[in-house]
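In full-length UniProt numbering, the protein residues as written are 1 to 288. All C-beta atoms in this analysis are idealised placements derived from N, C-alpha and C, irrespective of residue type, glycine included. Encoded as structure tokens, the structure appears first; notes follow it.
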């Protein structure tokens, strides 16, 4: 599925809507003017000034109706982006980072060949991240395993991620004084659900743009992803040093044997300080 984002004025958005009079009008998502459904595309016009095309027909609509507009591959600056790491690893923390990139940073970042942390090996992450940490304003949150397990008793992982992303943006807003008009979250949940999860937070950053695979499209998200991965690796290093034990990353079958080995050395209760206990690996490893 193709996803394209354009920048449009409110007047242009409604003129565009009028051209698609045969499209199905859907329930309007939060912070949007409207959402339309055509046979090959879902089109959402946000109050932030972004209009998002999702579906196999996305490219055709962009080329036909707004070829002169600013597409996400050439998005304006400054921008903020957020991403998280560690949610698929049984051992280790969950880390969320939000970073700020201005136009003057772009040239240097492209020279570093910045891309999604999942596409970069950990050795390169350790080399790149310190430069990004020094150069870019950012907010970094590390949720250790003991706290993770405590919070998970009343919040699922998606709720925790939503609250961490919001808090990262709150911290970055305070650090910068204000956020730019374009702030994008590497989408892990629909916007309506995201804001429902954080509705009781003391401070909420709104008008965020949610887009899948954003780490491959926006420098701010890619940089946040690299900084978050670096923090995850540093925390993992400290954990291994503390226990003098080699933890496996991921959550595959080999991790089950790793769990049993850890429990044999340190006891079952100590797992809560190094692992995400609700993962199926816990039951599989300990039952065996």
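Assign residue i to one of three DSSP states: helix, strand, or coil.
i           : result
residue 122 : helix
residue 218 : coil
residue 198 : coil
residue 203 : coil
residue 259 : helix
residue 246 : coil
residue 154 : coil
residue 251 : coil
residue 25  : strand
residue 172 : helix
residue 106 : helix
residue 225 : helix
residue 20  : coil
residue 149 : helix
residue 128 : helix
residue 56  : coil
residue 112 : coil
residue 193 : helix
When you compare the CB positions of residue i and residue j, do they come within less than 9 Å of one another, or not?
i           : j           : result
residue 220 : residue 79  : yes
residue 81  : residue 218 : yes
residue 205 : residue 173 : yes
residue 96  : residue 251 : no
residue 171 : residue 224 : no
residue 274 : residue 88  : no
residue 114 : residue 226 : yes
residue 94  : residue 164 : yes
residue 17  : residue 26  : no
residue 141 : residue 167 : yes
residue 35  : residue 44  : yes
residue 268 : residue 248 : no
residue 118 : residue 215 : yes
residue 100 : residue 6   : no
Would you list the residues sitting across from residue i in a DSSP beta bridge?
i           : result
residue 302 : Absent from the structure is residue 302, since the part of the chain shown begins at 1 and ends at 288.
residue 142 : 95
residue 80  : 100, 183
residue 209 : 184
residue 275 : 91
residue 38  : 41
First and last residue of the beta strand (DSSP E) that includes residue i?
i           : result
residue 184 : 183-186
Alpha helix (DSSP H) containing residue i: first to last residue?
i           : result
residue 87  : Here residue 87 belongs to no alpha helix (DSSP H), and DSSP marks it neither H nor E.
residue 31  : Segment: none, residue 31 is in no alpha helix (DSSP H) and carries neither H nor E.
residue 189 : Residue 189 -> no alpha helix (DSSP H), and no H or E assigned at all.
residue 285 : 280-287
Check whether the Cβ of residue i lies closer than 8 Å to any heavy atom of the ligand SAM, and answer yes or no.
i           : result
residue 231 : This structure lacks the ligand SAM; in fact it carries no ligand of any kind.
Three Cβ pairs or more, each shorter than 8 Å: is that satisfied between the region 50-65 and the region 152-169? The answer is no - the region 152-169 does not touch the region 50-65, with fewer than three Cβ pairs under 8 Å.
For the structure I just gave you, are there three or more beta carbon pairs, one from the region 147-156 and one from the region 170-190, closer than 8 Å? Flag = no, the region 147-156 and the region 170-190 do not touch.
Three or more beta-carbon pairs under 8 Å between the region 138-154 and the region 259-275, yes or no? Three or more Cβ pairs drawn from the region 138-154 and the region 259-275 lie within less than 8 Å of each other, which places the two stretches in contact.
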